[in-house]
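Colleague: In my numbering, the protein residues as written are 813 to 1053. The beta-carbon is built from N, C-alpha and C at its ideal position, and this holds for glycine as well.
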Amino acid sequence: METAARQAALVIVPLAAAVQAEASVILPTSNPTCNAWVSGQEDISAVECTAAAKQLPPAANGITGVKLYLGDPGNSITFFSGNLASIVLSTNGMVSGSIASGMLIPLGYSFRVDGPGQLRFWTLAFTLFSAGGGAVANTTVEDQSGTMGSISGVTEMIMMQDFSDSDLRVEAALQLSWVSDTGSLQLTIPSDSFDFNVTGASDIPEPASISLTVAGLAALGWQLVRRRKDWREWFELRRIS
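Laid out in structure tokens, this is it:
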């Protein structure tokens, strides 16, 4: 009984400490930037675009994510000529807290491609860059089906090294290859867009639930101690009689 009570106490103390020590890492939404290019057979031209960013809900892994998408007008950009288009959306800022190596970060993407030509392939790279410019996490998805229209999916990336208290750049880079002699290509990246750490806030226990859990464990430990005391008193009476 005493051992059980001690084990309950050992559970209660670390859990309470974990509740106090837990702090969310918030991926930056500041300084949203869009850079786009289109290349033909002879030249590469810059294309004007604007970026937007929105904070995602906190997630159970302790990371508050961010979504990147095209700003107005219409969350769209048009590439008028060429056969290879690239667009990079990013944010950057100081991030407090740490993300451990091996941490899994779920990702989501949703965009639309329209045009008179044929889409040959697309490639989308998600990357987190540290202050020194090196990638601390990245992953790439691609498709060669040649299908125009709405495109969406989910993937994930894993932290390749520890990150702590530093500048961080969040970047989504999309490349499109299409075949069209005269037609343009329209790309739409709506607010349901390129999402870093898409797990919802519902996976995180509410503070009230955490408090109830700690209180419940404390009560269990007290009951075990009380039962042990009652058992000792009964045993003493039996021995005397």
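Which residues in the same chain as Asp1007 place their Cβ atom closer than 6 Å to its Cβ, once the five residues preceding and following it in sequence are excluded?
Modeller: Within the same chain, Asp1007 has close Cβ partners Lys879 and Gly920.
Colleague: With a threshold of 8 Å, are at least 3 pairs of Cβ atoms found where one atom belongs to the segment 895-904 and the other to the segment 995-1010?
Modeller: They touch, by the three-pair rule.
Colleague: Considering only their Cβ atoms, is the gap separating Val991 from Asn847 smaller than 8 Å?
Modeller: No, the Cβ-Cβ distance between Asn847 and Val991 is not below 8 Å.
Colleague: Return the residue from the list Thr890, Asp884 and Gly927 that minimises the CA-CA distance to Val859.
Modeller: Considering only alpha carbons, the answer is Thr890.
Colleague: Compute the Euclidean distance between the alpha carbons of Thr876 and Ala985, then round it to the nearest angstrom.
Modeller: When rounded, the distance between both Cα atoms is 21 Å.
Colleague: Report the residue from Ala863, Asp884, Thr959 and Asp855 whose alpha carbon sits nearest the alpha carbon of Gly929.
Modeller: Among Ala863, Asp884, Thr959 and Asp855, the Cα nearest to that of Gly929 is on Thr959.
Colleague: Would you check if the distance between the CB atom of Val1010 and the CB atom of Leu868 is smaller than 8 Å?
Modeller: Their beta carbons are under 8 Å apart, which means Val1010 touches Leu868 by this criterion.
Colleague: Measure the beta-carbon distance from Leu916 to Ile970 and round it to whole angstroms, keeping in mind my assumption that it falls under 8 Å.
Modeller: With 8 Å as the limit, Leu916 and Ile970 qualify as a contact, their Cβ atoms being about 6 Å apart.
Colleague: Could you tell me the boundaries of the beta strand (DSSP E) in which Asn904 lies?
Modeller: Its beta strand (DSSP E) spans residues Leu896 to Ile911.
Colleague: Helix, strand or coil for Pro869 per DSSP?
Modeller: Strand at Pro869.
Colleague: For the candidate residues Leu931, Glu968 and Gly961, whose alpha-carbon lies nearest to that of Ala949?
Modeller: Here the closest residue by C-alpha is Glu968.
Colleague: Please name the residue in Met906, Phe892, Gly874 and Leu839 whose C-alpha comes closest to that of Ile856.
Modeller: If we check each option's Cα against that of Ile856, Phe892 comes out closest.
Colleague: Using the three-state DSSP reduction, which class does Val1010 fall into: helix, strand or coil?
Modeller: Coil at Val1010, not helix or strand.
Colleague: Apart from the five residues just before and just after Asp979, which ones in its own chain have a Cβ nearer than 8 Å to its Cβ?
Modeller: Excluding residues within five positions, the ones whose Cβ falls inside 8 Å are Asn904, Gly905, Met906, Val907, Ser942 and Ala943.
Colleague: With burial defined as no fewer than 16 other Cβ atoms inside 10 Å of the residue's Cβ, what is the status of Thr952: buried or exposed?
Modeller: Exposed, by the Cβ-count rule.
Colleague: So, helix, strand or coil for Trp847, using DSSP?
Modeller: It is worth fixing the name first, because residue 847 is Asn in this sequence and not Trp. The answer is strand: DSSP assigns Asn847 an E or B state.
Colleague: Could you check the C-alpha separation between Trp934 and Cys861 for me, to the nearest Å?
Modeller: When rounded, the distance between both Cα atoms is 19 Å.
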